[in-house]
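Protein chains in written order, with my numbering: chain L, 610 to 938; chain E, 1028 to 1356; chain D, 20 to 431. Take a look at the structure set out below.
This is the structure we're talking about:
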């Protein structure tokens, strides 16, 4: 029923410049996520840290096809998509630390990152809840006749939520310009998704709502980009929604400190061999676009940027107590 | 004399005017288009404004409320009809976790100007899942305003103000009030949210209520008048914002208070009024405050049993006498 | 951080005070314990000190205003970061507990409009009735006498209003008659002390069955001792002798030291162990009664020093509640005004008061049947007949007379 979409190993999807920008984004998200672990360990943030390492290919691939004013809703595993959509790392770190310069003035936290200037309507702490909201943004785009597209990222587990099905149905009957991006990282929080659904491919579910659906190697950033390109085109041309199931892997637990009793180290290591950054870097080296040294140099520069953003957040002030009572309504 | 129209007609008229005045407004709900709504509140609006503005939805409350939230966030002004307030419970995550919290969680970036029109209360044998009074539930959550109008005049003026809000409002009409008539001026007007209305001036006892119970309280006041008891009737009109000031001022004058609501007594919003009054007007109380509410059982189907469970005029009369020590328990 | 300065309760019965004088203006910088203002209570003038160093940012009352206990009088800013008003400050959790306690007290007692109205244990009175009774100035006794019409005989608003209707017509007609005499009359509001004095004396005059015993006393010996001590530069007044004399006489007649206590359903005698002699002192605006405590234990020199100190304080409005409580008998001396003799009204719940006139030289027939001139002092004592009867009172007066006429004094 489905073919796993992959990229052409012999050819680049993007120009050299674009490819380097894609690599830059992939590494930036990775370094940001690594720094976030350090941040979490230092006790500078509250709550839980839901890491994105291993899934960067999906965020970068999808966002490579989006305009600044396209809408996005995402899950609590949200910083990867935010960076890919153009969010400021300074503001992300500051929000994670609950500081006044954070995206939500320290009142939302990592699960509620919002940046309306880049169409980032909000991360969400409730599994699946952002799906109908993105559908609503698509409704606005259609009603106003703009060519904006609305994209919603959600995990495999969210496809078992009622609102997932409700939103797919609404998007389908009203032909809304929305792209449903399911990041199937194999685990629905701490449980294998295979135990929770009868379908081999979650994309099957979209077919029930007559929504065009594809499955793609989520660790293949070019492949993700390509299927997104088609979906976005369909949406902008009044062709209605598309469902993308990106097969990927969460290299860390559901959250930092997760005992990960539900899978083996061997499995994790196998998937690390298919790491999206590793795959894309190797391809670029093989095709002679970059060398190890260049990648090394790039990584180093990115680390410095991430560190700078981190320091900015560290030096940001605590929010004023007056903020407690603002923005309620 | 000002013209008399029904409560349902007053809502219809308000919606008509709002749709005419504001292009960004659209109506969303089950059977509100062609059919005109189960209580015929949206009758004729579909013909006037078309299916683009008056939109029938699937039976999918969570989905289309979520969609409404997304649309509201991105520049539209949805007025959603939920056929029975009981059905909001199906969509409670979208209403309370999403709509009510977005502004705060995003540090004020995201606004959700969404009105959820619905109807509640008992009195016509609709049984336990179609007769509830849930206003207190919503009032418990910061971030959403809760309006419960009691007259045709109020319902029109308050709906106008609710749509003008820049945040979510749950607007709970009463099924037994739709056919009640009252004076409504032809000219445009609105009533600010959070201002209680003294529906009858009196000196012996203050009765606080809203929605259908206001009329019951007025009827009780007529009976009490025959016995020389002069009751002051306060219609709160909204629970959030809550106008305690008007209540306190009245209690300082009458020294006695009876709180009447159709919601279940235990943990009902009446307890909140009692608490605030005893705190701010303790030295003006001449007797214990009496609450009148529904019995703590699901609303029974049988009309006679239902009547017994819901507060009636005689219960209010009795409560006032208790408050005045005319009848001592 | 804003620090509210509240009116402290400085005596058991203190409920309110009137501001006499502000010593600090808004904007003044103050040190901890600097006096911010003086207030007058029913008993004395008190100084309110700054609980912390800082700046006076707002005065909430003016001179002449009356304030309830625990009400905020003014607000200081101590310059520290912290919680202002509604904002809760998590940092505060680590603050010294003192600050927290203060804010708790403020929250508990001065929430918006919550003055503390008197409560009546064993007598159910509705909050509204308590407030109304307080506004109408009803006494505890009056409230106790009202039969409540609420459940469990709770006194409710209508009981208070109907009570006041019974009481008011009389006073109203009286007021009308007096009001029309002269349209140019001036009215003056009673000071707290004046109105308290009026209230207390009215109660005593109305409630206490009093009888008087008069006694003429030869103070030759007292005069001699006084003069001798005066030569030694020791100043002892006649009052000091009387104070010591009275306390000695009480030792022989303990019953005179008792209190008569009246509650709703019981009357009882309270037998006081300590002998504390009050001395009525007239000051501007009223009468105060500072008390020389344990007078029976003191020498004349001690008494003189104490009495001098108390009178000094009384004249400068510096008496503290402690200076005026626990008196068991009172002396009122109008001798300085050349009064021969007079009657005084008992200072409830004490058993007796001594009205002391001036010393007058009088011809007296001595034991040798000679007519001699002696300095004679007339003391008229009023007694509470509920505590004691004539014979006991007479014995007390006899003993007092003997002591005052003796040469046997504890001087140092």
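Ideal Cβ placement from N, Cα and C applies to all residues, glycine included.
Counted within 10 angstroms of its Cβ, other Cβ atoms place residue i as buried (16 or more) or exposed
i              : result
residue 45/D   : exposed
residue 359/D  : exposed
residue 154/D  : exposed
residue 144/D  : buried
residue 84/D   : exposed
residue 1121/E : buried
residue 1113/E : buried
residue 1084/E : buried
residue 1029/E : exposed
residue 366/D  : buried
residue 1212/E : exposed
residue 741/L  : buried
residue 262/D  : buried
residue 431/D  : exposed
residue 347/D  : buried
residue 221/D  : exposed
residue 1335/E : exposed
residue 686/L  : buried
Alpha carbon of residue i to alpha carbon of residue j, nearest angstrom
i              : j              : result
residue 1046/E : residue 671/L  : 37 Å
residue 52/D   : residue 69/D   : 5 Å
residue 1315/E : residue 292/D  : 46 Å
residue 128/D  : residue 99/D   : Caution applies to residue 128/D, whose pLDDT of 37 falls short of 50 and renders its modelled position unreliable; the model cannot decide the point.
residue 879/L  : residue 821/L  : 31 Å
residue 807/L  : residue 610/L  : 15 Å
residue 105/D  : residue 711/L  : Caution is warranted here: a pLDDT of 41 is assigned to residue 105/D, below 50, making its placement in the model unreliable, and no coordinate value can be reported.
residue 378/D  : residue 274/D  : 28 Å
residue 619/L  : residue 893/L  : 10 Å
residue 718/L  : residue 148/D  : 52 Å
residue 901/L  : residue 887/L  : 11 Å
residue 1276/E : residue 1262/E : 14 Å
Cβ-Cβ distance between residue i and residue j below 7 Å
i              : j              : result
residue 750/L  : residue 757/L  : yes
residue 858/L  : residue 794/L  : yes
residue 683/L  : residue 635/L  : no
residue 1033/E : residue 1206/E : yes
residue 1106/E : residue 1054/E : yes
residue 1118/E : residue 1266/E : no
residue 628/L  : residue 832/L  : no
residue 1346/E : residue 1317/E : yes
residue 1184/E : residue 1217/E : yes
residue 1012/L : residue 815/L  : The structure shown does not extend to residue 1012/L, since chain L is modelled only from 610 through 938, so no value can be given for it.
residue 229/D  : residue 351/D  : no
residue 1126/E : residue 1169/E : no
Continuous alpha helix (DSSP H) stretch holding residue i: start and end
i              : result
residue 1302/E : 1297–1307
residue 1034/E : 1034–1048
residue 672/L  : 665–672
residue 268/D  : 257–271
residue 1341/E : 1340–1350
residue 333/D  : 319–334
residue 749/L  : 739–753
residue 233/D  : Careful: residue 233/D lies outside any alpha helix (DSSP H), inside the beta strand (DSSP E) at 229–237.
Endpoints, beta strand (DSSP E) assigned at residue i
i             : result
residue 78/D  : 73–78
residue 690/L : Note, residue 690/L: premise wrong, no beta strand (DSSP E); alpha helix (DSSP H) at 688–694.
Partners in chain C for residue i, counting only beta-carbon separations shorter than 8 Å
i             : result
residue 147/D : In the structure shown, chain C does not exist; the protein chains are L, E and D.
Taking one C-beta from the region 278–295 of chain D and one from the region 398–406 of chain D each time, how about it: are there three or more such pairs within less than 8 Å? Touching, yes.
Is the region 149–166 of chain D touching the region 1318–1330 of chain E, taking contact as three or more C-beta pairs under 8 Å? At 8 Å Cβ cutoff, the stretches do not touch.
Evaluate contact between the region 384–399 of chain D and the region 233–244 of chain D, counting only Cβ atoms and requiring at least three cross-stretch pairs below 8 Å. Three or more Cβ pairs drawn from the region 384–399 of chain D and the region 233–244 of chain D lie within less than 8 Å of each other, which places the two stretches in contact.
Three Cβ pairs or more, each shorter than 8 Å: is that satisfied between the region 382–393 of chain D and the region 208–219 of chain D? Taking a cut-off of 8 Å for Cβ pairs, the region 382–393 of chain D and the region 208–219 of chain D do not touch, as fewer than three such pairs fall below it.
Do the region 685–697 of chain L and the region 901–911 of chain L make contact, defined as three or more Cβ pairs closer than 8 Å? By the criterion of at least three beta-carbon pairs nearer than 8 Å, the region 685–697 of chain L is not in contact with the region 901–911 of chain L.
With three or more beta-carbon pairs closer than 8 Å as the criterion, would you say the region 726–738 of chain L touches the region 633–651 of chain L? With a cut-off of 8 Å, the region 633–651 of chain L and the region 726–738 of chain L do not count as touching, because too few Cβ pairs lie within range.
If you pair each beta-carbon of the region 1244–1252 of chain E with each one of the region 1131–1149 of chain E, do three or more pairs fall below 8 Å? When C-beta atoms of the region 1244–1252 of chain E are compared with those of the region 1131–1149 of chain E, fewer than three pairs fall below 8 Å, so the two segments do not count as touching.
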